[in-house]
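Below: one structure, written as structure tokens.
This is the structure:
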């Protein structure tokens, strides 16, 4: 059986009647330097973001969100799954990691299971359903045959317990993974070659993907099951199609589109969690170098481009993080006195193996640098990752500290933020299986 990318989560539910009410963000924390969670919580509030998905119940994040009125989706950590097969252990985890915080109505969780305001679900990637090659249209959507019975059981469980089907939809990945994919079809401003399906024109892959899921749900008898898009976004670096201009275009179209619904669910506001909140410089780049650049905000909580989260098309810069503390204004660069550059390449390779050099790739924000500037970028990003320690700017005598900012054009030579107490924790690895609120029966894959 093909593995599905899934994780369990608790969802504090609410009703969405507008784009703003139905809009959330994914707050990832796989970064060498994290903003203090309280700063992030304030950032969410300042921008009217009312929902957040977090990937573990880390204490400082939970405390920062508690009492803010922000609705939270919480992942169940991998290392807890086996233990939580025991009812009492599961109940204790929920008590320790959820209900002890001051979330509105959080204490509705009771001994019998989940309450009306806390649900559990399993976010899934869009590869669990498809349309046959012989009829590749949304109305022909169905769950994959190899997992069809399993998906039917999961969907039935969601329906019985009032939980939504959460799906991750990434138009960017459709473009990234297929060189012949029509680029306009990834956006929302029209295409010359729409997909025709029983008189309906699909002009973008988001609508087509969403309605393929609607059709799959109908075929197993649950066509009215609520759907939440758990992850959707566009990266701004790390690939030729990942840049600020394309991200701004994508979000402008997406956010205006949400209130209209899709052809199979017209006039129904779609609830989505944008991916993601901020860039994460320690994420794995196995999927691609773009993986560290999904943020609406930069690593230090500053907005990258204008966007209107209300969906009314009044694009403006979001409110940036406040009172951010930075390391001193100094950089690491190739030593102008260095003459023997025979070891430069090896030292650049070392720096990039221990820091984030994904902006140096072809077509990326720093791809136009000359050899010395390219090396300086690598040396500096390593220097900043190491909190500007003197010994981290040497590279066998090839580097030296400078107070000259070498940023130019789209290429930013960053100064890192002061690391918070919650900075870099290794990401959870492996597949996160499903726990139904930690209190009900488990579904195993």
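Residue numbers (mature numbering (1 follows the signal peptide of the UniProt record, and there is no 0)): -22 to -1, 1 to 423.
For every residue, glycine included, the Cβ atom is placed at its ideal position computed from N, Cα and C.
How would you write the range of the alpha helix (DSSP H) that residue i sits in, first residue to last?
i           : result
residue 352 : 349 to 363
residue 135 : 126 to 138
residue 226 : 222 to 235
residue 40  : 37 to 43
residue 155 : 149 to 155
residue 22  : 15 to 24
residue 184 : 183 to 197
residue 68  : 65 to 72
residue 325 : 322 to 331
Please report the straight-line C-alpha distance between residue i and residue j, rounded to a whole angstrom.
i           : j           : result
residue 388 : residue 221 : 10 Å
residue 316 : residue 342 : 28 Å
residue 394 : residue 344 : 18 Å
residue 7   : residue 353 : 28 Å
residue 111 : residue 228 : 27 Å
residue 84  : residue 159 : For residue 84, the pLDDT reaches just 34, beneath the cut-off of 50, and the residue's location in the model is therefore unreliable, although a value from the coordinates is still provided. Cα-Cα distance, rounded: 45 Å.
residue 340 : residue 216 : 8 Å
residue 39  : residue 103 : 25 Å
residue 234 : residue 288 : 8 Å
residue 107 : residue 69  : 33 Å
residue 32  : residue 19  : 12 Å
residue 390 : residue 263 : 20 Å
residue 23  : residue 322 : 46 Å
residue 144 : residue 125 : 17 Å
residue 237 : residue 248 : 7 Å
residue 75  : residue 51  : 12 Å
residue 224 : residue 318 : 41 Å
residue 87  : residue 61  : Any reading at residue 87 must be qualified, since the residue scores a pLDDT of 36, below 50, and its modelled position is unreliable; the value itself is stated next. If you take the alpha carbons of residue 87 and residue 61, they lie about 20 Å apart.
residue 397 : residue 197 : 51 Å
residue 141 : residue 176 : 31 Å
residue 82  : residue 301 : Its pLDDT being 49, under 50, residue 82 is placed unreliably in this model, and the value from its coordinates should be taken loosely. Cα-Cα distance, rounded: 28 Å.
residue 292 : residue 163 : 23 Å
residue 10  : residue 67  : 32 Å
residue 260 : residue 14  : 17 Å
Just tell me which of the options has its CA closest to the CA of residue i.
i           : options               : result
residue 296 : 3, 8 and 25           : 25
residue 16  : 161, 355, 299 and 65  : 299
residue 186 : 18, 228 and 239       : 239
residue 303 : 278, 4 and 287        : 278
residue 200 : 292, 218 and 130      : 130
residue 57  : 149, 42, 35 and 78    : 35
residue 78  : 107, 44 and 184       : 44
residue 257 : 276, 385, 135 and 73  : 276
residue 282 : 271, 365 and 260      : 271
residue 192 : 320, 246 and 214      : 246
residue -1  : 362, 30 and 359       : 30
residue 290 : 148, 230 and 152      : 230
residue 27  : 47, 37, 10 and 9      : 47
residue 137 : 99, 313 and 148       : 99
residue 372 : 383, 358 and 384      : 358
residue 151 : 119, 338, 265 and 385 : 265
residue 195 : 37, 349 and 118       : 118
Please check the pair residue i and residue j, which I expect to be a contact at CB under 8 Å, by giving their CB distance rounded to whole angstroms.
i           : j           : result
residue 226 : residue 253 : No, residue 226 and residue 253 are not in contact; Cβ-Cβ is about 16 Å, not under 8 Å.
residue 241 : residue 178 : 5 Å
residue 255 : residue 3   : 5 Å
residue 363 : residue 399 : That belief does not hold up - the Cβ atoms of residue 363 and residue 399 are roughly 18 Å apart, past 8 Å.
If you follow the beta strand (DSSP E) that residue i is part of, which residue opens it and which one closes it?
i           : result
residue 316 : Counting along the chain, residue 316 falls outside any beta strand (DSSP E), and DSSP gives it neither H nor E.
residue 259 : No beta strand (DSSP E) holds residue 259; DSSP gives it neither H nor E.
residue 29  : 29 to 32
residue 51  : 49 to 53
residue 266 : That residue, residue 266, is in no beta strand (DSSP E); it is neither H nor E in DSSP.
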